[in-house]
Structures are given as C-alpha cells and as structure tokens.
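From first to last, the protein sequence lines are chains H and F. The numbering of the first sequence is this note's numbering, which starts it at 7 and goes up by one. The numbering of the second sequence is this note's numbering, which starts it at 7 and goes up by one. For every residue, glycine included, the Cβ atom is placed at its ideal position computed from N, Cα and C.
There are 2 protein chains.
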Amino acid sequence: MGRYFDDIAVGEVHEFGRYEMTEAEIIDFARKFDPQSFHIDPVAARKGPFGGVIASGWHTCAASMSMLVGNVLDEHSLGSPGVDELRWLQPVRPGDVLRSRAKVIEARASKSRPDRGIVKSAFEVLNQKNEVVMTMTAMTIIRRRP
Amino acid sequence: MGRYFDDIAVGEVHEFGRYEMTEAEIIDFARKFDPQSFHIDPVAARKGPFGGVIASGWHTCAASMSMLVGNVLDEHSLGSPGVDELRWLQPVRPGDVLRSRAKVIEARASKSRPDRGIVKSAFEVLNQKNEVVMTMTAMTIIRRRP
Numbered sequence: 007m008g009r010y011f012d013d014i015a016v017g018e019v020h021e022f023g024r025y026e027m028t029e030a031e032i033i034d035f036a037r038k039f040d041p042q043s044f045h046i047d048p049v050a051a052r053k054g055p056f057g058g059v060i061a062s063g064w065h066t067c068a069a070s071m072s073m074l075v076g077n078v079l080d081e082h083s084l085g086s087p088g089v090d091e092l093r094w095l096q097p098v099r100p101g102d103v104l105r106s107r108a109k110v111i112e113a114r115a116s117k118s119r120p121d122r123g124i125v126k127s128a129f130e131v132l133n134q135k136n137e138v139v140m141t142m143t144a145m146t147i148i149r150r151r152p
Numbered sequence: 007m008g009r010y011f012d013d014i015a016v017g018e019v020h021e022f023g024r025y026e027m028t029e030a031e032i033i034d035f036a037r038k039f040d041p042q043s044f045h046i047d048p049v050a051a052r053k054g055p056f057g058g059v060i061a062s063g064w065h066t067c068a069a070s071m072s073m074l075v076g077n078v079l080d081e082h083s084l085g086s087p088g089v090d091e092l093r094w095l096q097p098v099r100p101g102d103v104l105r106s107r108a109k110v111i112e113a114r115a116s117k118s119r120p121d122r123g124i125v126k127s128a129f130e131v132l133n134q135k136n137e138v139v140m141t142m143t144a145m146t147i148i149r150r151r152p
C-alpha cells in the first residue's frame, strides 16, 4: 500500500519510533566503524571529553534510519540524494531510548523524471528526557502515483 | 603523538584509506538499520531502482568514518558537531573498494573554549573507478597544543 509522493503534504508532522541504544551495541558499532576511545572504552571514556562512553554520531544516524524504515518509508521510497545540516547536539549514552520527529518542509515534483518527487523533512531525534540529540534536513525521493 | 589543531593548515589535502564493501556486509548493515529491498534483497533489487543491491548511504558514512579514524583522526579528536551537505552521488555496490580524500577548508580556534579548535574539511569518498560516490563538509573538534 504505502504512500506516494502525491499523498504527502508540506507541514505534516510525524513522531515515531523507539530505539534503545545499549552499551553493547554502541561499542560494537564503534569498534567496527568509529573506534575512538570515547566510543569503545568505558574506562578511558570516563576520563575523556564526554565523561563516559557515547554513541558514534553515525550510529545515531543509522538508528534514526531504522526508525524511518520501520515507520515512515515504504516501498515507494527510491532512496535519498543526501542530507543537509546534520548536527549531533547532545551525547547519546548507553541506555538512552531514542525516538524521531519529522516535519515535511518541502515537496517538489521532479522536472527531469515525472515518476518521482523529492520530499525534504526537518528531522529530529529525541531521547527519553525529550532532549533533541540530533537534527538534520533529510531528502527522500518518493514515487508518484502512476 | 598525533596532530594538534595547531599542526593543521588550511589547504592540506590527504588521500587515505581502503574499504571494500562486500555484499555480505552491505546486507548485514542494512538488515539492521536500513532494510529497504534495494539494500537487502539481491533478487528484488535486480528489478528495483538501482538494478541491484546497493549499500545504505549510512553504511558508506560509517565506512568513511572507519577510514578517518584509522588514518587521520587521532587521540586529539574531541568529536564532531556535525556535517553539512552530505551527498550520495553514486550507488555503492558489492565489491566496490572505497578510499577517501579530505581537504582542509577552514581551521578556527574556539572562542569559548581555548583548549580546542574546529577544522572543516571537504570530504570525498571515491570508488575503484575513481568516481566520487559521496561528498560532505565535515567538522571536527581538535585539541590545541597545551
């Protein structure tokens, strides 16, 4: 079923998802992709710049993608050309439970490819204390109704 | 040892890293974080928008971070406030071998925190055919020489 580009309206706000960042997953992700001591070594991290282990910013991005795919993106998604103004505003720590909020700020039909449009969203990731830990302007290509 | 903020000059260019994107890792990452059919299902992907499985853009970001930490970032890194103009320009496919290129475009001492500075870099990820598959403007906080 899913929603086509034509079903999406500027101004729509969606709040969705739940992603618990466990210490084990934070360390596992960072060992593979971002092995800085404040991501992978709880002992060293305690004396480091964040006073403890924090998640790699790319891990928070990946977690936010997983919330998107489970809740908002469907089979009409055709991928993304990119993201603007990605900001890691607050550390994400072991045990934090994240959720997402997205507001559609622009929806533009493609001129060159009439089967699709581009949707731009102001995207926020919040933690269980309602702090905004990450923001970005995300672009998604969505199929038009045939 | 490592390099302090004070050792970094605007205009510096570094080319570094080697990251092979295997099909197994592409599917594994995407099953966890970005389970869209064009990332996880080789059969469906063949008929999909990219003609085959492609890596999640966040996987390419994670791979680029792993190249950075192994080659450019050291113990004087204090994390990142964010990234601007992240663009996924070309699909990354199974078997692609990525490398990175970074040019320092700005280096600014922090006004509020005299122990650190912010370095802005124009960052590119290239594949084995020398196609630029991803670009971003990356910001990194680096410790100043004490």
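When C-beta atoms of the segment 117-127 of chain F are compared with those of the segment 92-108 of chain H, fewer than three pairs fall below 8 Å, so the two segments do not count as touching. Between Leu79 of chain F and Arg149 of chain F, the CB-CB gap reaches or exceeds 8 Å. Neighbours of Arg93 of chain F across chain H, judged by C-beta separation under 9 Å: Pro87, Gly88, Val89.
Residue pairing by DSSP places Asp90 of chain F opposite F:Thr143 in a beta bridge. When the five nearest sequence neighbours on each side are left out, the beta carbons in the same chain lying within less than 6 Å of the beta carbon of Met27 of chain H are those of Ala61, Val98, Asp102, in order along the chain.
Under DSSP, Tyr25 of chain H takes part in a beta bridge, and its partners are H:Leu104.
The beta carbons of Val125 of chain F and Thr141 of chain F sit no closer together than 8 Å. Using a Cβ distance threshold of 8 Å, Arg105 of chain F and Val19 of chain F do not count as a contacting pair. No Cβ of chain H is located within less than 8 Å of the beta carbon of Gln134 of chain F. Taking a cut-off of 8 Å for Cβ pairs, the segment 35-44 of chain H and the segment 61-78 of chain F touch, as three or more such pairs fall below it. Between Gly8 of chain F and Asn77 of chain F the beta-carbon gap is near 12 Å, outside 8 Å, which marks them as no contact.
The criterion of a C-beta distance shorter than 8 Å is not satisfied by Asp90 of chain H and Glu31 of chain F.
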